[in-house]
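Shown next, in structure tokens, is the structure this report addresses.
In the working numbering, the protein residues as written are 121 to 237.
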């Protein structure tokens, strides 16, 4: 297990930006594919993006071109830069170790992102 702590959420106007960070502990982080997910009120949790150990990324169509993932294996962090935010991006955002787009570990507390119109 790689304990995870998400941070960086907040309230932003449509068109604005936020940078989320996921901090992990454990020696397995550097080889893990890490993903971000989000859950909007009344909806199922959905995949947002993932990044493999070497920095290769995949994004959900809904965020492609607006969100960018990066990781720092020395610091055990994965960051999600979110630009051109839309009200429909409002959700609690979570990170997790993934296999494909399937979450593999326990969920952290998440970080709330609210985009006002």
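Note that the Cβ used here is the ideal one computed from N, Cα and C, for glycine as well.
Here the structure is a predicted model, which is why all the values come from computation and not from measurement.
Annotated three-state conformation of residue 209 is helix, per DSSP. The shortest CA-to-CA distance from residue 134 to any of 209, 218, 230 and 215 is the one to 209. Bounds of the beta strand (DSSP E) holding residue 143 are 138-144.
The C-beta separation of residue 227 from residue 214 comes to about 6 Å, placing the pair in contact by the 8 Å criterion.
At the C-beta level, residue 165 and residue 175 stay beyond 8 Å of one another. For residue 221, the secondary structure class from DSSP, reduced to helix, strand or coil, is coil. DSSP places residue 226 in the coil class of the three-state scheme, outside both helix and strand. Sorting 155, 167 and 231 by C-alpha distance to the C-alpha of residue 127 places 231 at the top.
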